[in-house]
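To convert, note that position 19 of the sequence shown is 20 in my numbering; the numbers rise steadily by one, no gaps. C-beta atoms are modelled at their ideal positions from N, C-alpha and C, and glycine is treated no differently. Input: a single structure, listed below in structure tokens.
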Amino acid sequence: MRLADVQQEWSQDGTFADADGTLVRCYDDVAVLEHARSEPDGNGHHCEIAAGSTGTVLFYSTGDQCWLELEYELPGRIFGVVEASKTRLALRNEEKYPR
């Protein structure tokens, strides 16, 4: 799935539910429950994202089916789009950056 293929509104406000029904916000980290592919890089290449990989939520779609744009810190910085129902909260933003 590519970000350009999701024809819905995108937001950083509010919350969405993960696979367990836990409410998640942007900048929280989620674990991907199934294998996924990254967005293409500047050369049109995709990176394979293994199940269990963790990414930071940048945006989520507000339509009938919730999609997430995630940023992964794998060997490099990559982006991917996955269904919210195929993710699980891994770490809240407040836990990453305590005040």
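| query | result |
| --- | --- |
| Local conformation of E74 per DSSP, three classes | strand |
| Inter-stretch contact at 8 Å, needing at least 3 Cβ pairs: the segment 78 to 86 / the segment 32 to 44 | yes |
| S62, buried or exposed, once every other Cβ within 10 Å from all chains shown has been counted against 16 | buried |
| Spatial distance of R93 from E70 (CA atoms) | 16 Å |
| Best match in S54, E35, C48 and Q13 for proximity to A91 [C-alpha to C-alpha] | S54 |
| Sub-8 Å separation of F60 and Q13 beta-carbons | yes |
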